[in-house]
């Protein structure tokens, strides 16, 4: 399936990278690359993630970094859209 990123997800990914970069620039790039690679794999296997807490979404919970990728799958359009990337300590967005 084609993978798309919402503006919110792109913004959140950039915020994550900038926050980590203040402390460890190399780690910031590793985390960003890890998130991007995982979501690219989700584009190929969209039902790998669990059913999401938000309606009509799915979630990929990273085991090695404290983040969750929230996405939806549109079978008709053949598209996976990354809606949010959030730290596990933060509240989920109320809706997308």
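In our numbering, the protein residues as written are -7 to 88. All C-beta atoms in this analysis are idealised placements derived from N, C-alpha and C, irrespective of residue type, glycine included.
In the DSSP assignment, residue 25 falls within the unbroken alpha helix (DSSP H) covering 17 to 36.
Look at residue 78 here: in three-state DSSP terms it is strand. Minimum Cα-Cα distance from residue 60 among the listed residues 81, 48 and 70 corresponds to 81.
CA-to-CA, the gap between residue 46 and residue 83 works out to about 12 angstroms. Bounds of the alpha helix (DSSP H) holding residue 12 are -1 to 13. The criterion of a C-beta distance shorter than 8 angstroms is not satisfied by residue 24 and residue 37.
For residue 52, the enclosing beta strand (DSSP E) stretches over residues 50 to 53.
Membership of residue 57 in any beta strand (DSSP E) is not indicated, and neither H nor E is assigned to it by DSSP. For the options 30, 40 and 13, the alpha carbon positioned closest to that of residue -3 is the one of 30.
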